[in-house]
Every structure is written in structure tokens, then in C-alpha cells.
Amino acid sequence: MAQIEATTEASALAAPLEWRASDGLTDYPDALATMRARVAAVRAGTEGELVWLVEHPPLYTAGTSAKPEELTEPDRFPTYDAGRGGQWTYHGPGQRVAYVMLDLNHPHGTVPARDIRCFVHGLEEWLIRTLDRFGVRGERREGRVGIWVADHAAGTEAKIGAIGVRVTRWVSWHGVSLKLEPDLSHFGGIVPCGIKQHGVTSLHQLGILAAMPEMDAALRSCWDEVFG
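Residue numbers (the numbering used here): 2 to 229.
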């Protein structure tokens with residue numbers, strides 16, 4: 002889901018896209034501060050675009066559409082107002098979060114300039130292609146943002162990838178998350194993304210015992226297929 006604050010102001014690309022992967026767990030307020038500073042620098046043309054890969058300690062974040070009653074265990078983990086689009090989500094160890102700071106005044110691969118819908122579609126495609134590297138078929142669902150894994154024989158499905166972005170003066174921030182091996186019980190303190198009828202899953206839950214460096218390599222290699 003996207004939260005948009007767009008104006009006609011344009012900025013210049015200052016440098017090639019930077020990739021950064023942080024070790025350990027990144028505190029959420031520090032992540033917000035870092036993103037705000039980088040977005041301002043991208044708009045000003047003093048720094049280039051950034052894809053920043055992090056893990057957070059266990060926490061819940063509220064998007065602009067989050068409903069208070071869908072935080073079912075408010076004392077379980079710290080909660081934060083994210084300012085992105087979407088509803089409640091969980092972040093924690095074993096989940097890779099990719100914060101994507103791009104100047105959308107410019108086209109990026111298959112994504113044309115100033116097209117929020119195509120940008121979100123591109124993020125979905127990026128996750129789908131990344132999952133395909135592990136032999137997992139990720140799927141879109143009409144009316145639901147995120148990436149789903151379906152057991153068509155059993156008639157069930159679960160969410161494996163989430164998307165929640167904000168666009169400020171045509172520079173994006175926040176981004177996507179992909180579940181490698183988080184504690185899935187931690188999602189029980191919220192109604193994830195406002196969807197009660199379906200659960201969540203991870204690569205390890207699906208029997209794919211990949212490590213975080215493998216996921217990062219897949220994210221990096223699939224990026225240019227969509228945004229390069």
C-alpha cells in the first residue's frame with residue numbers, strides 16, 4: 002500500500018544506486034531517521050538512491066490505514082506509527098526488510114517515471130522473482146497488496162511478502178519485507194495487513210532452509226530484472 006505526498010518538484014540523480022545491508026538488528030526509530038535523511042538528500046541531489054536491507058527487533062508498525070482494534074496484543078512488543086501506507090505489520094529477526102529510496106521522477110527499468118501503481122507492481126515482481134530463485138511460486142491477489150503462496154490442492158494460502166511504501170515529493174521510502182525464518186507466532190498480536198482469513202508463512206515454514214545471505218543475493222540479482 003502506498004502513502005503518497007507528490008509535488009511537481011523534480012530532483013536529479015546524484016550517483017548510482019547504493020546497496021547496503023546492516024548487520025544485527027536495526028532499531029525502528031533509527032531506521033525512520035535514516036530514511037528521512039536519505040530521502041531529503043536524494044531530493045536535493047546530494048546523495049544517490051539506496052536499497053537498504055535490515056532486520057529489526059520484534060515490533061509492530063501501523064500504516065496510515067491501521068485500525069486500533071486490529072492490534073490485538075498491544076503490550077506484546079513495541080509499536081510505532083510508520084507513516085507508510087497500509088495497516089498493521091510485524092517486523093522481527095528472520096524477516097528481511099528492504100527499504101527502497103528511489104527518485105521516481107526518473108524511470109527505473111520496467112517502471113516509468115511518476116507512476117506509483119507501476120512502482121508497487123515492480124516491487125511485487127521483484128519479490129516474486131526472488132522467491133522463484135528458491136523454487137517458490139509467489140502470487141498476487143486482486144484487492145490485496147503483498148505476495149502470497151497458495152496450496153491450490155488444499156485451497157489454502159498464506160502471505161510471505163509484504164509491501165508498504167511512502168512517496169514524498171516523488172522520492173520513495175519504506176518498502177518491502179520477505180519472511181525467511183521469523184517466529185510466525187509473533188504475527189498473532191495483530192491482524193496482519195487487516196486480513197483475518199489467511200495466515201502467514203516463510204521460506205523455512207515451506208521447508209526451504211536458506212540463510213539470510215542467500216536471500217540477499219537473490220534480492221540483489223533479481224533487482225536489475227525489474228528496476229535495472
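Just so you know, even glycine gets a beta-carbon here, dropped at the ideal spot from N, CA and C. Since this is a predicted model, take the numbers as computed values, not measurements.
Anticipated Cβ contact below 8 Å, residue i with residue j, distance rounded
i, j, result
"G139", "I129", "4 Å"
"D225", "A22", "Incorrect: roughly 17 Å between the Cβ atoms, too far for contact."
"L204", "V137", "7 Å"
"E19", "G46", "Rounded, the Cβ-Cβ distance is 15 Å, inconsistent with contact."
"S178", "V98", "5 Å"
Neighbourhood of residue i by C-beta distance below 6 Å, restricted to the same chain and skipping five residues each side
i, result
"P79", "L60"
"P94", "E56"
"K68", "none"
"H175", "R85, G165, V166 and R167"
Per DSSP, cross-strand counterpart(s) of residue i
i, result
"L60", "H92"
"S173", "V168"
"Y29", "Looking at the DSSP assignment, Y29 forms no beta bridge with any residue, so it has no partner."
"A163", "S178"
"D104", "V172"
"V150", "A159"
Closest Cα partner of residue i within the set the options
i, options, result
"T65", "G93, T47 and G84", "G84"
"T90", "L181, I164 and D28", "I164"
"A114", "R170, H153 and A99", "R170"
"Y209", "A99, D24 and D133", "It should be pointed out that residue 209 corresponds to Ile in this sequence rather than to Tyr. If we check each option's Cα against that of I209, D133 comes out closest."
"Q206", "S173, Q96 and L220", "Q96"
"V168", "F228, M213 and V40", "V40"
"Y81", "Y29, A219 and T35", "Y29"
"D184", "V172, G229, G176 and T202", "T202"
"A42", "K68, V172, A67 and R77", "V172"
The ligand GTP heavy atom lying under 7 Å from the CB of residue i
i, result
"G165", "Absent from the structure shown: the ligand GTP. Ligands present: none."
Sequence-distant residues of its chain with Cβ nearer than 7 Å to residue i (five each side left out)
i, result
"R142", "W149"
"L26", "E56, H57, P58 and P94"
The segment 153-161 in contact with the segment 64-82 per 3-pair CB rule at 8 Å:
no
Count the C-beta pairs between the segment 122-137 and the segment 45-56 that are closer than 8 Å, then say yes if the count reaches three, no if not.
no
Can at least three beta-carbon pairs, one atom from the segment 186-194 and one from the segment 104-123, be found at a separation below 8 Å?
no
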